[in-house]
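Engineer: If you read the sequence shown in this note's numbering, its first letter stands for residue 160, the second for the next number, and so on. Note that beta-carbon positions come from the ideal geometry of N, C-alpha and C, so glycine has one too.
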Amino acid sequence: MDEDGSRIRRRVSVRKRNRPSLGIISATPTTAELKPDNEEEEEEKEEEMVAGSRRRKTVGVQLVESNDSEEDMFGDYDSFAENSFLAQVDDLEQKYMQVHENRKPDTDLVTEDLCSESIKHHKLSITTVDSCTELKTDECTKNQSGHEDVSIKPGADLTYELPSSQVLYFENLQNSSNDLDDWCTKERDRNSSSHKTVNEKLPHNSIEQPQQIDESSSKVRTSSDVKRRKSLKDHLKSAMTGNAKAQTPVFSRTKQLKEMLLSEEINVAKKTIESSSDDLGPFYSLPSKVRDLYVQFRGIEKLYDWQHTCLTLNSVQERKNLIYSLPTSGGKTLVAEILMLQELLCRRKDVLMILPYVAIVQEKISDLSSFGIELGFFVEEYAGSKGKFPPIKRREKKSLYIATIEKGHGLINSLIETGRIDSLGLVVVDELHMIAEGSRGAVLEMTLAKILYTSKTTQIIGMSATLNNVEDLREFLQAEYYTSQFRPVELKEHVKINDAIYEVDRKAENGMTFSRLLIYKYSDTLKKMDPDHLVALVTEVIPNYSCLVFCPTKKNCENVAEMICKFLSKEYLRHREKEKQEVIENLKSVSSGHLCPVLKRTIPLGVAYHHSGLTSDERKLLEEAYSAGVLCLLTCTSTLAAGVNLPARRVILRAPYVAKEFLKRNQYKQMIGRAGRAGIDSIGESIVILQEKDKQQVLELISRPLENCYSHLVKEFSKGIQTLFLSLIGLKIATNLGEIYQFMSGTLFGVQQKILLKEKSLWEVTVESLRYLTEKGLLQKDTTLTEKGLTQKDALCKSEEWYQYSFHITKLGRASFKGTIDLAYCDILYRDLKIGLESLVLESFLHLIYLTTPYDMASQCNPDWMIYFRQFNQLSPAEQNVAALVGVSENYLGKKVSGQAIKKKVNKDVVNRLYLSFVLYTLLKETNIWNVSEKFNMPRGYTQSLLTAAATFSSCVLHFCEELEEFWVYRALLVELTKKLTYCVKAELIPLMEVTGVLEGRAKQLYNAGYKSLVHLANADPEVLIRTIEHLSRRQAKQIVASAKMLLHEKAEALQEEAEELLRLPSDFPSTEKA
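1. Between the Cα of Tyr900 and those of Asn825, Lys874, Ile914, Leu929, spot the shortest distance and give me the residue it belongs to.
2. Applying the criterion that 16 or more other CB atoms from any shown protein chain within 10 Å of the CB defines a buried residue, is Phe635 buried or exposed?
3. Could you tell me the distance, in whole angstroms, from the CA atom of Phe709 to the CA atom of Lys655?
4. Who pairs with Asn480 in a beta bridge, going by DSSP?
5. Label Ala624 either buried or exposed according to how many other C-beta atoms from any shown protein chain fall within 10 Å of its C-beta, with 16 as the threshold for buried.
6. Going by DSSP, which residues form a beta bridge with Tyr679?
7. Return the CA-CA distance between Asp451 and Val1200, expressed in angstroms with no decimal places.
8. Does the beta-carbon distance from Gly584 to Lys508 come in below 9 angstroms?
9. With hydrogens ignored, establish whether the beta-carbon of Ile656 is closer than 8 angstroms to any heavy atom of the ligand NAD.
10. Is the region 511-529 close to the region 560-571, with three or more CB pairs under 8 angstroms?
11. Quick test of the definition: if touching needs 3 or more C-beta pairs under 8 angstroms, does the region 593-613 touch the region 833-849?
12. So what's Phe1031 in DSSP terms, helix, strand or just coil?
13. By the DSSP assignment, the alpha helix (DSSP H) with Met605 in it spans what residues?
14. From this set, Lys977, Glu1121, Lys556, Gly600, which residue's C-alpha is nearest Leu937's C-alpha?
15. Name the one or two DSSP bridge partners that Lys560 has.
16. Pop quiz: Val510 and Ala542 are said to be a contact at Cβ under 8 angstroms. What is the actual Cβ separation, rounded to whole angstroms?
17. Return the first residue and the last residue of the alpha helix (DSSP H) that Lys1008 is part of.
18. Can you round the beta-carbon distance between Leu707 and Arg833 to whole angstroms, since I take them to be within the 8 angstroms contact cut?
19. Alpha carbons only, please: which of Gly1058, Gly535, Asn473 is nearest the one belonging to Pro446?
20. Where does Ser623 fall in DSSP's three states?
21. Evaluate contact between the region 890-900 and the region 850-865, counting only Cβ atoms and requiring at least three cross-stretch pairs below 8 angstroms.
22. Can the beta-carbon of Arg1186 be found closer than 9 angstroms to that of Val749?
23. Rounding to the nearest angstrom, what Cα-Cα distance links Ser444 and Gln476 in this structure?
24. Restricting to Cα atoms, I'd like to know which of Asn745, Leu1207, Ser705, Leu790 is closest to Arg733.
25. Does the distance from the C-beta atom of Thr468 to that of Tyr641 stay below 9 angstroms?
26. For Phe442, which three-state DSSP category applies?
27. For Val810, which option in Ser573, Gln829, Asn825 has the closest C-alpha, if you only look at C-alpha atoms?
28. Would you identify the three-state DSSP class for Ala801, choosing helix, strand or coil?
29. For a quick check, are the C-beta atoms of Leu795 and Tyr827 less than 9 angstroms apart?
30. So, at 6 angstroms on beta carbons, what are the nonlocal neighbours of Gly772 in its own chain, with the 5 sequence-adjacent residues on each side left out?
31. Output the distance between the C-alpha atoms of Cys1020 and Leu1132, rounded to the nearest integer angstrom.
32. Can you name, in chain order, every residue of its own chain whose Cβ lies under 7 angstroms from the Cβ of Phe1028, other than the five neighbours on each side?
33. Tell me which residues share the same chain as Leu503 and place their Cβ nearer than 7 angstroms to its Cβ, disregarding the 5 neighbours each side in the sequence.
34. What residue range does the beta strand (DSSP E) around Arg1273 cover?
35. Apart from the five residues on each side of it in sequence, which residues of its chain come closer than 8 angstroms, Cβ to Cβ, to Gln1103?
36. For Cys985, does the three-state DSSP call read helix, strand or coil?
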């Protein structure tokens, strides 16, 4: 670009017309760019480039249908009226010509300001014809001479919203402008040697008053000047009439739009990189824009001292692995987010964030999508059946993968397999203590161990509020450790025994000191109904403050909520009465008119229950109402403490139990950690209600240290160590006993083997697992003899000889590992699919549904035999044949209903699995969880959990079949079934439910309001959504739009990458040179 001249930047804005037949073409006219005469040689080259770029910006019109009506020749444009488009053109042309005719080299800048007077200070965007996306350009940069670039305002653009009839005239218009540019350049060349630049001669006020110059310059026009160029208005008048009836040529609009989109994205990415390097430091090595976004989206203006200390640790600066631990609500996640943004924006690497539950993944996706849109990175969901393996390789932008533990493991496997593990710069694990929780902990341990073993450049950050044996975890992760006891709100712990409340004081002799007596007037009826004085405890804080009551069981949650409401005064009904009624109406809306009778009685008083028996729609609505203060009391199970963040002024533990098990210290800390809301409460309180019989155990509970984290890699045999070995060999991370043993030594299990292994050594456990996998047909040992010349049979007897062998994975083993199938069920699944090939019933989805019903849920099922028999008799003959094929007959069900003895042995798991298949099949037909739950007498939350598990398992079976050629027929069938199980709604709602945070109820509202596609949502105005959609908050509206934009950008990027891949020359393309 010319150093001394300033240029008007132009963007093309392609807008969708209201007229049904034609598209709009919008482009900008050219203007002369004036340059000093010492750059004449560069000038000619640049003008050729500019002219070429102008030609490329011409956008084609897609001819949808012809319109022969002369009355509608120019659409809504009154082209010949006094204040018409042509009048504006003529006026602007006069100004344009006046300046050019009177031009001297010392007025270059004045002319530019004059021509841009009515079109400056506007930030343009490129909008696709389908209104599918909008890419905001960066702010106009200043050139080297210090003058600002000016962008053309659509309202003053000569061809803004130009009728499509003028398409054929467009090129002539461009050529005329180019001729004028050439003339201006020559005129300037003749006079440039005798004049100084405008910066030397013109005062500042002359630039601000172009009208005065306009008046003086108009006096010096000559007749020859006018003849030199025909009036633009005359050109347009003649061309508009002729071109209106001409057939509009059809150009490839999609191709040109894609080119524009690609060009813009590349420019944005380059500027982002430059911005990052130039703007390091203002906010922890991040652009200052990140700080502004945290203020805008979260209201966070300043970090806590501990957060600043943690982010500036030497270990963090040196990118060492880090574990940090703080109490709940201390602000741990913000530190992780800043570190993730550093990796995405500054180091240009992908990031993986692992969270424990699907609900938290979706909440975080919604939360960070706005940052991704503003800062130029993708946020991708890996939860349930969502997520692509391997992930799409992006061209420019980097990706933040947010995943559950299981999906995170699959993602890491796919990156290792494709050799892309080094593209992952950072892995963040929230709730690191989950590594000690059963099979999920084993999967998390495998994931982290593989990262440590295969990538030396990937940093691992782990955080938790409940860690004790940190040294073991530090050794496993090779990490530094940081901890603090900071809480933004002080927490006071209490214990209630009878009417007395004691404050926990670890310095006291028995661990607590007397605080006060609970004074509340109880009637005889209330004493019988509420012996633990729950009503007295909650009414001290509600309705002005919030309260959580943790109960041991789901049924107890509902009972406690109803009991409390019976004794609340009528004054509670008037507190935010209208908003509570809206919550009830919204619950009905998302449940197809149904409403839980318990919630119907409790919500008017500001009380609700919260547990897994609710549908995800119901839980989300209740959580939103509680966060907004409409509901002031939730009775809940322990799962709330580990799930979404819902803090309260007071937390009450109804009893120190979870189901029938006594509370663990970790669980206790998570529950009471919900007390105290930063920025709202000055203090947080927790009260544990206990009986005399539990007093000693509770005193030990509140004083003892947190439980240690121990590896479950060996305890969870089929989901742990066996699955690990299978994937190690399948990914070629380790293929012989020595390498596998070396890998195991680096796991948490390897660190803790002396504690965990009492009877066997790690070597023996490793050999035993390999032998099991070989016998099961998942691994194959090569047939080479050992150095000692022993046969395989001899070698099996001596584990030391296994060291001489290497292993490779079988087809069944690869299918099991790729499909993440529990190895306890992989051979059963293979057998079921094999039998299905012989007699697959395709009249309905029932047979396929049976094959994708989770095995582990079948073992927990207790069928209602009368319902089972009734549903069986409602099946068609072909569907009843499915039952017969799997081994369940009508005769068997009849005997079960009547209670008769059954002599013939029938597999109980098969019978239970078929029953669950009936539930899923009915769900797909009716798509109403309430109706199906009532029909099968099941809790609606369990029905939805079954549906979610089936969708996930269906996705696993699909990957399983993709690895086995013999099951090719299942592939296309399972793709469709997985989609149906994932959404379980009418087909038209599926595109909306792809957006994170949009569940069935919200999707129906959006569809009815006219938002029927992802494109509609991505281009929606949050403020309009708020007015259009009932019970939608501003925060939710913004999150929905941001998530939709993010998803749309991801899809566009994927298509762009696919197109580039097709056009890219293959690396193995044969050489044309002769040997």
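Structural biologist: Put simply:
1. Here the question's residue 900 lines up with position 741 in the sequence shown. For the residues Asn825, Lys874, Ile914, Leu929, the minimum Cα distance to Tyr900 belongs to Leu929.
2. Looking up residue 635 in the sequence shown gives position 476. Phe635 comes out buried.
3. Translated into the one-based positions of the sequence shown, residue 709 becomes position 550. Translated into the one-based positions of the sequence shown, residue 655 becomes position 496. Cα to Cα, the separation comes out at about 15 angstroms.
4. For this step, residue 480 is matched to residue 321 along the sequence shown. Per DSSP, Ala638.
5. To locate residue 624, count along the sequence shown from 1; it is residue 465. It is buried - the Cβ of Ala624 has at least 16 other Cβ atoms within 10 Å.
6. The count along the sequence shown starts at 1 and reaches residue 679 at position 520. Answer by DSSP bridge pairing: none, since Tyr679 is not bridged.
7. Reading the sequence shown from its first residue, position 292 is the one you call residue 451. Reading the sequence shown from its first residue, position 1041 is the one you call residue 1200. Cα to Cα, Asp451 sits roughly 20 angstroms from Val1200.
8. The residue you call residue 584 lines up with position 425 of the sequence shown. The residue you call residue 508 lines up with position 349 of the sequence shown. Yes, the pair counts as a contact, with Cβ atoms nearer than the cut-off.
9. For the ligand NAD, the structure offers nothing, since it holds no ligand at all.
10. The region 511-529, when compared against the region 560-571, does touch it at the 8 angstroms Cβ threshold.
11. no
12. Counted from its first residue, the sequence shown places residue 1031 at position 872. Three-state result, Phe1031: helix.
13. Taking the sequence shown and counting its residues from 1, one reaches residue 605 at position 446. 597-613 is the extent of the alpha helix (DSSP H) around Met605.
14. Start at 1 with the first residue of the sequence shown, and residue 937 comes out as number 778. Residue Lys977 is the option with its Cα nearest to Leu937.
15. Here the question's residue 560 lines up with position 401 in the sequence shown. Note on residue identity: the sequence assigns Tyr, not Lys, to residue 560. Note: Tyr560 sits in a beta bridge opposite Leu511, Glu539.
16. The residue given as residue 510 occupies position 351 in the sequence shown. The residue given as residue 542 occupies position 383 in the sequence shown. The pair is not a contact, with the Cβ atoms about 16 angstroms apart (cut-off 8 angstroms).
17. Position 849 of the sequence shown, counted from the start, is the residue given in the question as residue 1008. Per the sequence shown, the amino acid found at residue 1008 is Ile instead of Lys. Element bounds for Ile1008: 1005-1010.
18. Locating residue 707 in the sequence shown gives position 548, counting from the first residue. Locating residue 833 in the sequence shown gives position 674, counting from the first residue. Yes, they are in contact, since the Cβ atoms of Leu707 and Arg833 sit about 6 angstroms apart, within 8 angstroms.
19. Position 287 of the sequence shown holds residue 446. For Pro446, the nearest C-alpha among the options comes from Gly535.
20. Against the sequence shown, residue 623 aligns to sequence position 464. Of the three classes helix, strand and coil, the one that applies to Ser623 here is strand, per DSSP.
21. no
22. Counting from 1 along the sequence shown, the entry for residue 1186 is found at position 1027. Counting from 1 along the sequence shown, the entry for residue 749 is found at position 590. No; because the gap between Cβ atoms is not below 9 angstroms, this pair is not in contact.
23. Within the sequence shown, the letter at position 285 stands for residue 444. Within the sequence shown, the letter at position 317 stands for residue 476. One C-alpha to the other measures close to 10 angstroms.
24. Residue mapping note: residue 733 aligns to position 574 of the sequence shown, counting from 1. Closest by alpha carbon: Leu790.
25. Along the sequence shown, one-based indexing puts residue 468 at 309. Along the sequence shown, one-based indexing puts residue 641 at 482. Yes, they are a contact pair.
26. Walking along the sequence shown from the start, residue 442 turns up at place 283. Strand at Phe442.
27. In the sequence shown, the residue the question calls residue 810 occupies position 651. Out of Ser573, Gln829, Asn825, the CA that lies nearest to the CA of Val810 is found in Gln829.
28. As a first step, residue 801 is located in the sequence shown; it is residue number 642 there, counting from the start. DSSP places Ala801 in helix when its eight states are reduced to three.
29. The residue you call residue 795 lines up with position 636 of the sequence shown. The residue you call residue 827 lines up with position 668 of the sequence shown. Note that residue 795 is Cys in the sequence shown, not Leu. No, they are not a contact pair.
30. Within the sequence shown, the letter at position 613 stands for residue 772. Counting only Cβ-Cβ distances below 6 angstroms, and skipping sequence neighbours, we find Lys713, Pro1098, Gly1100.
31. In the sequence shown, counting from the first residue as 1, residue 1020 sits at position 861. In the sequence shown, counting from the first residue as 1, residue 1132 sits at position 973. Whole-angstrom Cα-Cα distance: 27 angstroms.
32. In the sequence shown, the residue the question calls residue 1028 occupies position 869. Around Phe1028: Leu1052, Gly1053, Val1056.
33. Looking up residue 503 in the sequence shown gives position 344. Contacts found: Val510, Phe536, Lys557, Leu559.
34. What the structure shows of the chain is the stretch from 160 to 1234, and residue 1273 is not part of that stretch, so it cannot be assessed.
35. The residue you call residue 1103 lines up with position 944 of the sequence shown. Here the set comprises Thr774, Ser775, Ile1088.
36. For the purposes of this step, residue 985 is taken as residue 826 along the sequence shown, with counting starting at 1. The answer is helix: DSSP assigns Cys985 an H, G or I state.
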